[in-house]
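*Asks:* Sharing a structure, written as structure tokens. Questions coming.
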Amino acid sequence: MRKDRKANNVENEVKAELKTKGINRIYFGAPGTGKSFNLKTFIQNNGIENYSDEINHPNVYRTTLHPEFSYSDFIGQVMPSVKNSGKDTSEITYDFVPNIFTEALKSAIQKPEEPVFLILEEMSRANVAAVFGDLFQLLDRDNLGKSEYQINNALIAEYIYKDKNKKIFIPSNLFLLGTVNTSDQNVFVMDTAFKRRFEHVYVSTKIKEEDENLNDFNFSLFQNNGEKISMRWVDLIRTLNHFIVAPMEKNGLELSEDKQLGQFFIKFNNKYENSEEALLKNYEQITGKLIHYLWTDVNKASFSEVSLFNSEIDSFSTLYEWAINKRNFFSTTFMSLYNSFINNEV
931 MRKDRKANNV
941 ENEVKAELKT
951 KGINRIYFGA
961 PGTGKSFNLK
971 TFIQNNGIEN
981 YSDEINHPNV
991 YRTTLHPEFS
1001 YSDFIGQVMP
1011 SVKNSGKDTS
1021 EITYDFVPNI
1031 FTEALKSAIQ
1041 KPEEPVFLIL
1051 EEMSRANVAA
1061 VFGDLFQLLD
1071 RDNLGKSEYQ
1081 INNALIAEYI
1091 YKDKNKKIFI
1101 PSNLFLLGTV
1111 NTSDQNVFVM
1121 DTAFKRRFEH
1131 VYVSTKIKEE
1141 DENLNDFNFS
1151 LFQNNGEKIS
1161 MRWVDLIRTL
1171 NHFIVAPMEK
1181 NGLELSEDKQ
1191 LGQFFIKFNN
1201 KYENSEEALL
1211 KNYEQITGKL
1221 IHYLWTDVNK
1231 ASFSEVSLFN
1241 SEIDSFSTLY
1251 EWAINKRNFF
1261 STTFMSLYNS
1271 FINNEV
């Protein structure tokens, strides 16, 4: 069975030092707001100072949940294996094969002075109550960050302690961190009891110009008369987010905040800012990713008489054709709002 955690790499190992008690925390917000970046920052501030996603740190376990993700994918399961018992004979045995939670738990138990982080991306895409199963009881933590209650789980106990009767618990050095995209459709709703056992940190769509990680890109669109319009990604995001939630009487789409976008909805390659190839690839992300989301999940979801797109555009194929040819596909109402944003009138 595939394991999503990164393999250990001794050469890249970064020192881990426990600084605070473990917690359960979920970062939630619109797509592209930087939830995973917030996770990385949290890890850096809580014991692995130089941690980065490129380093295969043995104390960081990460997996992405999905609709088929199950309890056995989380803790492990008993699997058959063939062992040679003699020169020409073999026998089938059944052994417990651990998965990510059990591996993270064992690591935390064996290294009580170091923090261990279990990251669960896209938590709302799976039935998390079913994924955790009996482990749900462990999520209540005492003042020291340790599970308030302990449970019997013979498979996990045998794997970690070599004693199937020993009770298991989440130690105070194991951090459970998750992300949730508020815009995901056809997702599982977390029940109140489960949510109550996690801290929830909202990651805003607001953009700070002084941010050293500002994700920006300048591009141009053209009017039918050939007039060039200079567009800036962060200004476009600000305008879109205002337009999406503005009420109909104020020429908006009157949709909920979960339809908004973060600046990292598209990650631009600005390493070679003036390279034609880089500029082309950056713009291709707008035609290949942004407009599909705006057409399907934003504009089509609104009952407003105001449209995000030019009145001549009546199908996605037309929108796509305009976009790849860099024709201005936005409506006059939206462009008026965009100009107000860049002139600081909003």
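First residue of the sequence shown: 931, per the numbering used here; consecutive thereafter.
The beta-carbon is built from N, C-alpha and C at its ideal position, and this holds for glycine as well.
If you're wondering where the values come from, they're calculated on a predicted model, not measured in any experiment.
#1: For L1166 versus V1228, is the C-beta distance shorter than 8 Å?
#2: Can you tell me the Cα-Cα spacing of V940 and V1046, whole angstroms?
#3: List the endpoints of the continuous alpha helix (DSSP H) containing Q974.
#4: Alpha helix (DSSP H) containing E1025: first to last residue?
#5: Name the DSSP bridge partner or partners of E1051?
#6: DSSP has G1108 in a bridge; who is on the other side?
#7: Expressed to the nearest angstrom, what Euclidean distance is found between the alpha-carbon atoms of L1050 and F1031?
#8: With the cut-off set at 8 Å, would you say Y1132 and G959 are in Cβ contact?
#9: Quick one: give me the first and last residue of the beta strand (DSSP E) that M1009 is part of.
#10: Where does P1010 land, buried or exposed, given buried means 16+ other C-beta within 10 angstroms?
#11: Please check the pair I1159 and L1170, which I expect to be a contact at CB under 8 Å, by giving their CB distance rounded to whole angstroms.
#12: Considering only DSSP beta bridges, list what S1261 is partnered with.
#13: Going by DSSP, which residues form a beta bridge with Y1132?
#14: Taking DSSP as the reference, what is the three-state secondary structure of M1161?
#15: Helix, strand or coil for I1216 per DSSP?
#16: Assuming F1149 is part of the beta strand (DSSP E), what are its boundary residues?
#17: How would you label S1241, buried or exposed, when you count the other beta carbons within 10 angstroms and need 16 or more for buried?
#18: In angstroms with no decimal places, state the Cα-to-Cα distance between R1162 and E1043.
#19: Which residue's Cα is closest to the Cα of I1278: Q1080, I1098, F1105 and D1114?
#20: Are the CB atoms of Q1215 and I1196 within a distance shorter than 8 Å?
#21: Assuming L1191 and T1135 form a contact by the criterion Cβ under 8 Å, report the distance between their Cβ atoms to the nearest whole angstrom.
#22: Secondary structure at R1127, three-state DSSP: helix, strand or coil?
#23: Starting from S1247 and walking both ways along the alpha helix (DSSP H), at which residues does that stretch end?
#24: How many angstroms separate the CA atom of I953 from the CA atom of F1062?
#25: Let me check understanding here. Comparing Cα to Cα, which of K1180, S1205 and N1212 lies closest to F1194?
#26: Cα-Cα, which of G964, D1121, P1177 and I1022 is closest to F1066?
#27: Using only alpha-carbon positions, find the residue among D1072, G1075 and L1068 that is nearest to N1082.
#28: Just to check my reading of the structure: S1186 and F1118 have Cβ atoms closer than 8 Å, yes? What is that Cβ distance to the nearest angstrom?
#29: Evaluate S1270 with the Cβ neighbour count: other Cβ atoms within 10 Å of its Cβ, from every protein chain shown; 16 or more gives buried, anything less gives exposed.
#30: State the Cα-Cα distance for the pair N942 and D1141, rounded to the nearest angstrom.
*Replies:* Reading from the atomic positions:
#1: Their beta carbons are not under 8 Å apart, which means L1166 does not touch V1228 by this criterion.
#2: With a pLDDT of only 40 at V940, under the threshold of 50, the placement of this residue in the model should not be trusted, and no figure is reported.
#3: K965 to N975
#4: Reading off the sequence shown, one finds Asp at residue 1025, where the question assumed Glu. Unbroken run through D1025 is the beta strand (DSSP E), S1020 to P1028; no alpha helix (DSSP H).
#5: T994
#6: DSSP lists I956 and L1050 as the beta-bridge partner residues of G1108.
#7: 10 Å
#8: yes
#9: G1006 to N1014
#10: exposed
#11: About 16 Å; that fails the 8 Å criterion.
#12: DSSP output for S1261 lists no bridge partner at all.
#13: F958
#14: Residue state, collapsed to three classes: strand.
#15: helix
#16: N1148 to F1152
#17: exposed
#18: 47 Å
#19: Absent from the structure is residue 1278, since the part of the chain shown begins at 931 and ends at 1276.
#20: The Cβ atoms of I1196 and Q1215 lie closer than 8 Å to each other.
#21: L1191 to T1135, Cβ: 7 Å. Contact.
#22: Residue state, collapsed to three classes: coil.
#23: Note, S1247: alpha helix (DSSP H), F1246 to I1254.
#24: 16 Å
#25: N1212
#26: Comparing alpha carbon positions, the residue from G964, D1121, P1177 and I1022 closest to F1066 is D1121.
#27: L1068
#28: About 19 Å separates the two Cβ atoms, so there is no contact after all.
#29: exposed
#30: Summary for N942: the model assigns pLDDT 45, below 50, so the residue's position carries little reliability, and this model does not support an answer.
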